[in-house]
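So the sequences go chain by chain: A and B. All residue numbers for the first sequence refer to our numbering, where the first residue is 358 and numbers rise by one. All residue numbers for the second sequence refer to our numbering, where the first residue is -5 and numbers rise by one. Glycine included, every Cβ here is placed at the ideal spot set by N, Cα and C. As the structure is a prediction and not an experimental result, all values here were calculated from the model.
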Amino acid sequence: MYDKGKVLIGLAIFVIAALSIVGYNATMGDVDSFRTDGKPGPEKPVGHDKCVKETAYMQTSHMVLLNEWRDEVIREGKRELVETVGGEMVEKSLQNGCMGCHISKVKFCDRCHDYTNVKPYCWDCHLAPVEAPASKEAH
Amino acid sequence: MKVLRPIIAVLLLIVVGGLLGMSHGTQMLAGVILPSIAFLVFIVGFIRKVLDWSKSPVPFKIPTTCGQAKSLDFIKADRFDCPDSKSDVIVRMFLEVFLFRSLFRNTKAEMHDGPKITYGPNLWLWLFGILFHYSFLTIVIRHMRLFTEPVLPGLGFLEYIDGFVQIGAPVLYQSDLIFLGCVTALFIRRLIAPQVKYISLGSDYFPLALIFAIGTTGMMMRHLFRVDVTAIKQLTLGIVTLDWTVPANIHPIFFIHVVLVSTLMMYFPFSKLMHMGGIFFSPTRNMTNDTRAVRHINPWNDPNIKPHSYAGYEDEFREFMVDADIPVDKPLPPKAEEPAEEAKED
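Below is the structure:
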């Protein structure tokens, strides 16, 4: 083997880089907090069990709906109420609609967003409700 | 055919991924077991290849000399194009690895009326190449959000920068567009430049087609099907923490994406993609041009074979050379001594 030292240093860097993620989770990671049910578990609203769309749609595509609402309300002035799947009428609004049931940003929005590292720009304009700062469980 | 076969192979992989991703029973195979094996193949294959290379001797000193070598003090040497010290080689390698300098130096010759020939820069390959590599790097780093919990610090900032234009929801990443655009351009380059097309093989088209499919399925997951990222992170985190789970209701497109990525990882150590490690083993870049100061010993040389100088050669064959009227440097010793030697032998 020629240039043994240099080659081994290079390979060591490669292996460490490739396995660093495993090491990170094992040492600094906090994977176990999700072992109970395996998911970040956003807090379900009390007293309401139907959203404006089916749960499966809301889980993956709520941001599309929120974008549509924003465009309709802010740009086209269409502020009519929206009917939920359960037949309730709610306002087409993040703070007065969504957060009427999902009362906590920290315990609802942030749970999944922190988990998947999503930083929506809702709160660039909207004022986030004043809450106790995100505790460890809200990761 | 050289173009079609790789494309067909990638399409087949997409079908396989789609079929495996359809039923929950086979999702474990496509989404967890296959990528785990692929990652091991990638690591072990990469190391084996590098060790194999490190055992290959470089018989000659062959750095490419693209400038004035170190010479007399009043002649300005081109340090990084004709490096004569280790530190200059390090700078040259750094520029090569991080900025693709040898592609940047590409020139194009053109004939004009006269006849006149002109040389000008031709930077398309460099441009698409460097944009492609850095956007690929950005994308790989961005994906680490799915493999770390809590998410690695800095990834939020990277995603913020990458989605700075805030188009749509989920926001569009610039790196995705640049990545797909460049891989397309690199593919088209192989088709339209006649010289490049002539030397292109299936193994040149296949990685490009595969990477294009990976980028496309990735963007489809984010913008078209909007897969459940929470469920996917459960799966991906399970892979790296060896806690294998496949949550229900993951869209099949995810498994297509994973099968394609697994193929890329397994293909990597056995293909041209090994230039990732190979660039450090390029003797034309990583050697010092100091042949006049330091003798390069060919490691192949058999230590039992001693150097044979002309003087030694003449000593061995002087008599025969004189006999054949071949001029010699040293004349034969006077003849008088010969009978004496013969007498000794008797």
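Neighbouring residues, chain A, relative to residue i (Cβ below 9 angstroms)
i               : result
I37 of chain B  : F371, V372, A375 and L376
Y192 of chain B : By Cβ distance, chain A contributes nothing, its closest Cβ being about 34 angstroms from Y192 of chain B, past 9 angstroms.
V44 of chain B  : V364, G367, L368 and F371
F41 of chain B  : A small fix is needed here, since residue 41 of chain B is Ile in this sequence, not Phe. Residues of chain A passing the Cβ test: L368, F371 and V372.
V134 of chain B : Within chain A, no residue comes near V134 of chain B; the closest Cβ sits about 11 angstroms away, beyond 9 angstroms.
L379 of chain B : What the structure shows of chain B is the stretch from -5 to 340, and residue 379 of chain B is not part of that stretch, so it cannot be assessed.
E153 of chain B : N474, V475 and K476
Contact under 9 angstroms by Cβ, residue i with residue j
i               : j               : result
V26 of chain B  : V255 of chain B : no
W120 of chain B : F141 of chain B : no
T257 of chain B : L171 of chain B : no
M456 of chain A : P477 of chain A : no
P399 of chain A : C458 of chain A : no
L166 of chain B : V159 of chain B : yes
K329 of chain B : E308 of chain B : no
P57 of chain B  : R279 of chain B : yes
A287 of chain B : D78 of chain B  : yes
V52 of chain B  : M281 of chain B : yes
H470 of chain A : G443 of chain A : no
L180 of chain B : F122 of chain B : yes
R139 of chain B : T473 of chain A : yes
F98 of chain B  : L125 of chain B : no
F173 of chain B : F200 of chain B : no
V364 of chain A : S276 of chain B : no
K407 of chain A : E433 of chain A : no
G271 of chain B : F371 of chain A : yes
R64 of chain B  : D284 of chain B : In the sequence as presented, Arg is not what sits at residue 64 of chain B; that position holds Lys. Yes, the pair counts as a contact, with Cβ atoms nearer than the cut-off.
D82 of chain B  : R73 of chain B  : yes
A24 of chain B  : G15 of chain B  : yes
P345 of chain A : T224 of chain B : Residue coverage of chain A in this structure runs from 358 to 496, which leaves residue 345 of chain A outside it and unanswerable.
S461 of chain A : W426 of chain A : no
V447 of chain A : G454 of chain A : yes
L146 of chain B : Y381 of chain A : yes
G386 of chain A : F274 of chain B : no
A375 of chain A : F33 of chain B  : yes
Residue i: contacting residues in chain A (beta-carbon distance under 7 angstroms)
i               : result
P48 of chain B  : Looking at the sequence shown, residue 48 of chain B is not Pro but Ser. Within chain A, the residues near S48 of chain B are M358, Y359, D360 and V364.
T142 of chain B : I378, Y381, N382 and G386
Chain A contact residues for residue i, given Cβ-Cβ distances below 8 angstroms
i               : result
H150 of chain B : The amino acid at residue 150 of chain B is misidentified as His; the sequence shows Gly. Those are N474 and K476, listed as they occur along chain A.
P51 of chain B  : Y359
M138 of chain B : I378
Cross-chain neighbours of residue i in chain B, by beta carbon under 9 angstroms
i               : result
V421 of chain A : G162, A163, P164 and R220
Contacts of residue i in chain B (Cβ-Cβ under 8 angstroms)
i               : result
P397 of chain A : T224
C466 of chain A : Simply none; closest approach about 13 angstroms.
Beta-carbon neighbours of residue i, restricted to chain B and to distances below 7 angstroms
i               : result
C408 of chain A : Chain B residues near C408 of chain A: none, gap ~15 angstroms exceeds 7 angstroms.
Q469 of chain A : Per the sequence shown, the amino acid found at residue 469 of chain A is Cys instead of Gln. Per Cβ cutoff of 7 angstroms: T224.
D417 of chain A : It is worth fixing the name first, because residue 417 of chain A is Thr in this sequence and not Asp. Result: R220, V221 and D222.
- prompt: Which residue spans inside the segment 126 to 184 of chain B form an unbroken alpha helix (DSSP H) run of at least 4?
  reply: If we require 4 residues or more, the alpha helix (DSSP H) runs fully inside the segment 126 to 184 of chain B come out as 149 to 156.
field: Contact list for the segment 160 to 184 of chain B against chain A, Cβ threshold 7 angstroms
entry: Listed in sequence order: Q160, A163 and P164.
- request: Check whether the segment 243 to 258 of chain B touches the segment 7 to 15 of chain B, taking contact to mean three or more Cβ pairs, one atom from each stretch, closer than 8 angstroms.
  value: The segment 243 to 258 of chain B makes contact with the segment 7 to 15 of chain B, as at least three CB pairs between them are under 8 angstroms.
- prompt: Quick one, which residues of the segment 222 to 251 of chain B are near chain A if we go by CB-CB under 9 angstroms, in chain order?
  reply: When CB distances to chain A are screened at a threshold of 9 angstroms, the residues of the segment 222 to 251 of chain B falling below it are D222, V223, T224, A225, I226, K227, Q228, L231, G232, V234, T235, L236, D237, T239, P241, N243 and H245, in chain order.
message: Which residues of the segment 440 to 456 of chain A have a Cβ closer than 9 angstroms to any Cβ of chain B? Give them in chain order.
response: Those residues of the segment 440 to 456 of chain A that come within reach of chain B (Cβ to Cβ, closer than 9 angstroms) do not exist; the list is empty.
message: Using a Cβ distance threshold of 8 angstroms, determine whether the segment 260 to 276 of chain B contacts the segment 32 to 51 of chain B, with at least three qualifying pairs required.
response: Touching, yes.
message: Residues of the segment 272 to 304 of chain B in Cβ contact with chain A at a cutoff of 7 angstroms, in chain order, please.
response: From the segment 272 to 304 of chain B, only F274 and P293 have a Cβ closer than 7 angstroms to chain A.
query: Between the segment 229 to 239 of chain B and the segment 279 to 294 of chain B, do at least 3 Cβ pairs fall closer than 8 angstroms?
result: The segment 229 to 239 of chain B, when compared against the segment 279 to 294 of chain B, does not touch it at the 8 angstroms Cβ threshold.
task: Could I get the ranges of all uninterrupted alpha helix (DSSP H) runs contained in the segment 247 to 325 of chain B, with 4 residues as the minimum, in chain order?
output: At a cut-off of 4 residues, the continuous stretches assigned as alpha helix (DSSP H) that sit fully inside the segment 247 to 325 of chain B are 269 to 272, 277 to 280 and 304 to 317.
- prompt: Is the number of C-beta pairs between the segment 85 to 105 of chain B and the segment 299 to 315 of chain B that are closer than 8 angstroms three or more?
  reply: These segments do not touch.
- prompt: Do the segment 217 to 227 of chain B and the segment 414 to 425 of chain A touch if we need at least three Cβ pairs shorter than 8 angstroms?
  reply: The answer is yes - the segment 414 to 425 of chain A touches the segment 217 to 227 of chain B, with three or more Cβ pairs under 8 angstroms.
field: Runs of alpha helix (DSSP H) wholly within the segment 190 to 218 of chain B (minimum 4 residues, chain order)
entry: Runs found: 196 to 213.
task: Any chance you could list the beta strand (DSSP E) runs of at least 3 consecutive residues sitting entirely within the segment 29 to 63 of chain B, in chain order?
output: Fully enclosed beta strand (DSSP E) runs of 3 or longer: not present.
field: Minimum length 3: unbroken beta strand (DSSP E) runs contained in the segment 411 to 492 of chain A
entry: Listed in chain order, nothing qualifies, since the segment 411 to 492 of chain A has no complete beta strand (DSSP E) run of 3 or more residues.
task: Note down, one range per segment and in chain order, each alpha helix (DSSP H) of at least 4 residues found wholly within the segment 61 to 132 of chain B.
output: Those alpha helix (DSSP H) runs which fall completely within the segment 61 to 132 of chain B and span 4+ residues are 80 to 93 and 95 to 98.
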